[in-house]
Ligand code: M6R
């Protein structure tokens, strides 16, 4: 959450910082701010409540010259969204700081800083960093050593960049629990919380490790590890595409990302299937040796990624013949749980930085799992670095806060894992062949499914005045119903619940009336007849249904039911295929509702705080 951009250059950097913020805005969008050291030696700061565009307009009306600067887009944790709480925070007129994360001991630090004579102008935890650095500068000669002394006093998570008006030749950055990357240019260097911010100015990046503090000047980057010893961190060429941060022909990132799914699926499969088998090395160099012994899978994730795990549980138990548990990371980490023998820990995360998932991984590593694997979209992210194995999703940058292509690519990765583990367990050669062929048919099938967009757009009109909705599915489609409900509530703010359809008569049937649209996912599988009985239960109570059904499922539209045919597909991939109409439905409903599709209220893309 929150986005950081910084630069030390000869040229003016305000526009670079603003473009970086625009590219990071999906990470937090309550308020934004920028500080630059001007050629006259002043520290000029501008902050605005609201979107980055507000800040951009302010900078354009009061241009900021200067080659050293920092900028931030905020998702409020401590202190309401306001201009006073927006970053950068300053100590006097010399020190400016931007920060991602949460300083847990900020109250104690605030009290002792007040006693030392510092006056606070915000409610944020971040302001203590600025004053601490200022205080430490009275005891240390350099900004670097003052920041090193400061971070020793901080408890919690931080990615922070500090600048000092009196020495514009450098900034000092520090990372613990919140990612930071350094971008290498020609005679200039940049800092960001995500490489995406810096792609217009460089493609060469070094990722800071936990506990690193670095001094960044135009010509040098000196990095020190948690013990203060000098270290080098590899500088790598980015694989992220240059236009990843652009919407292209689409009105919203979400729609762009929905339409990118056939290509994203193609990319994730590429080179990972050979001779009718899933190539085990897709999960890491020594994956084959580890995966062959797996007898149980424990999945941990949050939000949409958790839903992917729930679908995979059906797959692992049905096809691979290994048991599987799935748990929300924030529950797993605070619960005493049992580790089964030969148990593989799998985390799923688009960002690789979700605080609860990362904490759960760290905890699980102490607990005796045979190995940890992450299914993750962001190379170099914390989950990738801290797991024994990684399946890199290659979905491409996902910017819309509502996760779309990451979900379907996660499902494909999980299905591959079912193949790779299953062949050493219950998956026979014929079923493995069918699974692999189904995976290979995905890109074309998704392309075909996207053709439903126009019909779904028309259907969305019916939701314009609705406040509640219910999503139903059975078997591995019940987590798809949950994902459909999450998408709808997240971007249209319509209250949406999801149930395994068999649960209807155990309570939710009481909600059914003409004001409660019921969305049903109905592929042609062995549970179809059971699902049809559930549909009748709704019909008998005067409910209005929207059924996404297989062509051969023989549903027909009438007064109580609108049926949209989904292209027929293999049962292995049905959860992936049926996700697309639900994504499109939530998108079009949100358009009608006029909500901010890519940046829904109160949310942020990457949840790096607990
Ligand atoms: O980056 P992660 O996959 O770990 O994120 C987990 C959730 O925060 C995320 O999936 C969230 O639920 C999405 N915004 C839902 O669309």
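Numbering (this note's numbering), first residue to last: -13 to 596. Here a beta-carbon is modelled for each residue, glycine too, at the ideal position from N, C-alpha and C.
Note that the region 582 to 590 does not touch the region 244 to 251; fewer than 3 beta-carbon pairs, one per stretch, sit closer than 8 Å. Taking C-beta atoms under 8 Å as the contact rule, residue 429 and residue 139 fail to qualify, at a distance of about 52 Å. In this structure, residue 33 keeps its C-beta atom at 7 Å or more from the C-beta atom of residue -12. Looking at the DSSP output, residue 284 sits in a beta bridge with 311 and 331.
In chain order, 17 and 35 place their CB closer than 8 Å to the CB of residue 68, counting only its own chain and leaving out the 5 sequence neighbours on each side. Exclusion of residue 569 from the 6 Å shell around the ligand M6R follows from its C-beta lying no nearer than that to any non-hydrogen atom of the ligand. Per the C-alpha coordinates, the member of 340, 106 and 65 positioned closest to residue 596 is 340. Sequence-distant Cβ neighbours of residue 55 in its own chain, meaning closer than 8 Å and more than five residues away, are -8, -7, -1, 0, 3, 20, 21, 22, 23 and 149. In the three-state reduction of the DSSP assignment, residue 231 falls in the helix class.
Rounded to the nearest whole angstrom, the CA to CA distance from residue 197 to residue 437 is 49 Å. Closest in C-alpha terms to residue 318, from the list 347, 461 and 338, comes 347. For the 7 Å CB-CB criterion, residue 477 and residue 455 do not form a contact. With contact defined as three or more Cβ pairs closer than 8 Å, the region 179 to 194 and the region 216 to 225 are in contact. Between the alpha carbons of residue 465 and residue 184 lies a distance of about 36 Å. Judged by their CB atoms, residue 539 and residue 508 are nearer to each other than the 7 Å cut-off. The set of residues with any CB-heavy atom separation to the ligand M6R below 5 Å comprises, in chain order, 288, 289, 290, 291, 335, 336, 337, 340, 388, 389 and 593.
7 Å or more divides the Cβ of residue 87 from the Cβ of residue 15.
Contact between the region 7 to 14 and the region 70 to 79 is absent: fewer than 3 CB-CB pairs across the two stretches fall below 8 Å. If only complete runs of 4 or more residues are kept, the region 415 to 460 shows the alpha helix (DSSP H) at 415 to 436 and 439 to 446, in order along the chain.
Under the Cβ criterion (8 Å, minimum of three pairs), the region 274 to 290 counts as touching the region 347 to 357. Taking C-beta atoms under 8 Å as the contact rule, residue 432 and residue 566 qualify, at a distance of about 6 Å.
The alpha-carbon of residue 470 is positioned some 13 Å away from that of residue 297.
Nearest to residue 453 by alpha-carbon distance, out of 434, 440, 474 and 445, is 474. Note on residue 272: under 16 other CB atoms within 10 angstroms of its CB, so exposed under the neighbour-count rule. When the beta-carbon positions are compared, residue 92 and residue 114 come within less than 7 Å of each other.
By the C-beta density criterion, residue 544 is exposed, having fewer than 16 other C-beta atoms within 10 angstroms. Note on residue 537: under 16 other CB atoms within 10 angstroms of its CB, so exposed under the neighbour-count rule.
In this structure residue 258 is in contact with residue 268, their Cβ atoms being roughly 4 Å apart against a cut-off of 8 Å. DSSP places residue 17 inside the beta strand (DSSP E), whose first and last residues are 17 to 23.
For the 7 Å CB-CB criterion, residue 171 and residue 158 do not form a contact. Burial is judged here by how many other beta carbons sit within 10 angstroms of a residue's own beta carbon; residue 46 has fewer than 16 and is exposed.
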